[in-house]
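A short worksheet on the structure shown next.
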Amino acid sequence: GAGVSQTPSNKVTEKGKYVELRCDPISGHTALYWYRQSLGQGPEFLIYFQGTGAADDSGLPNDRFFAVRPEGSVSTLKIQRTERGDSAVYLCASSLTAAGVSYEQYFGPGTRLTVT
Amino acid sequence: AQSVAQPEDQVNVAEGNPLTVKCTYSVSGNPYLFWYVQYPNRGLQFLLKYITGDNLVKGSYGFEAEFNKSQTSFHLKKPSALVSDSALYFCAVRDIRTGFQKLVFGTGTRLLVSP
Chain A
5 GAGVSQTPSN KVTEKGKYVE LRCDPISGHT ALYWYRQSLG QGPEFLIYFQ GTGAADDSGL
65 PNDRFFAVRP EGSVSTLKIQ RTERGDSAVY LCASSLTAAG VSYEQYFGPG TRLTVT
Chain B
211 AQSVAQPEDQ VNVAEGNPLT VKCTYSVSGN PYLFWYVQYP NRGLQFLLKY ITGDNLVKGS
271 YGFEAEFNKS QTSFHLKKPS ALVSDSALYF CAVRDIRTGF QKLVFGTGTR LLVSP
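Residue numbers (this note's numbering), protein chains in the order written: chain A, 5 to 120; chain B, 211 to 325.
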């Protein structure tokens, strides 16, 4: 079946601009995660949605970052006033969820964001 | 805090030889451990997980991992390496502090399998 998809695959923007990154999770997965992967590092957690609500946004670096998932499926990560330090690969993942069970997360191919 | 460490930036092995990629963990409570692989220009792919039960976990593509509670390790292994196994491997632990399922990843180990 279809996996997690992310668009665009690459985004180049100028410092100070606004960007939106989209994630389409696996159908039926109620949990959705955003991670950021800088060069030479492992992915770092940004935000987690259970359904439409952000259950944990403790990884968002500052208030320039915001994410939504209005209908409990597609999610958009929004970055305002981009800075060169925001350049990274932004990964989206989805999973089934149930209390007390650790389901694996399935990752999309990522969006490579470059801020010039 | 939950964390994992991957002490080797790179592991080199000849095709056909056994391979081991190391991971140690630090958690409060029971560990939920995962291995992912990342090929160039592709997303992370799930390999295997340890939740409970047998200490030897079998996963995709012939990989397995051994959970060792006394050594707090979860090393990834394969009996016979293939050139196509060359990729970046990440160990991860579920962060249970909040009760949710976000993963905390290691810094990754690059595996190079030579023909």
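Think of the CB as a built atom: it goes at the ideal place given N, C-alpha and C, for glycine as much as any other residue.
Under a criterion of Cβ atoms nearer than 7 angstroms, the residues of chain A adjacent to T317(B) are, in order, Q45, G46.
In this structure, the CA atom of S79(A) is about 19 angstroms from the CA atom of L313(B). Boundaries of the beta strand (DSSP E) harbouring V303(B): 297-304, taken from the DSSP string. Here DSSP, grouped into helix, strand and coil, assigns Y249(B) to coil. Across the stretch 259-282 of chain B, CB contacts with chain A closer than 9 angstroms involve K259, I261, in sequence order along the chain. By the criterion of a C-beta distance shorter than 6 angstroms, E24(A) is surrounded in its chain by T80, K82, once the five residues flanking it on both sides are discounted. If you ignore the 5 residues before and after L292(B), its C-beta comes within less than 8 angstroms of the C-beta of E225, V323, all in its own chain and listed in chain order.
The Cβ neighbour count for Q84(A), taken over all protein chains shown within 10 Å, is under 16; the residue is labelled exposed. Closer than 8 angstroms to the CB of L322(B) there is not a single CB belonging to chain A. Collapsing the DSSP output to three states places Y235(B) in a strand. Within chain A, the C-beta atoms nearer than 8 angstroms to that of K312(B) come from Y37, F49, Y52, D60, G63, in chain order. For G239(B), none of the residues of chain A pass the 9 angstroms Cβ criterion, the least Cβ distance being about 12 angstroms.
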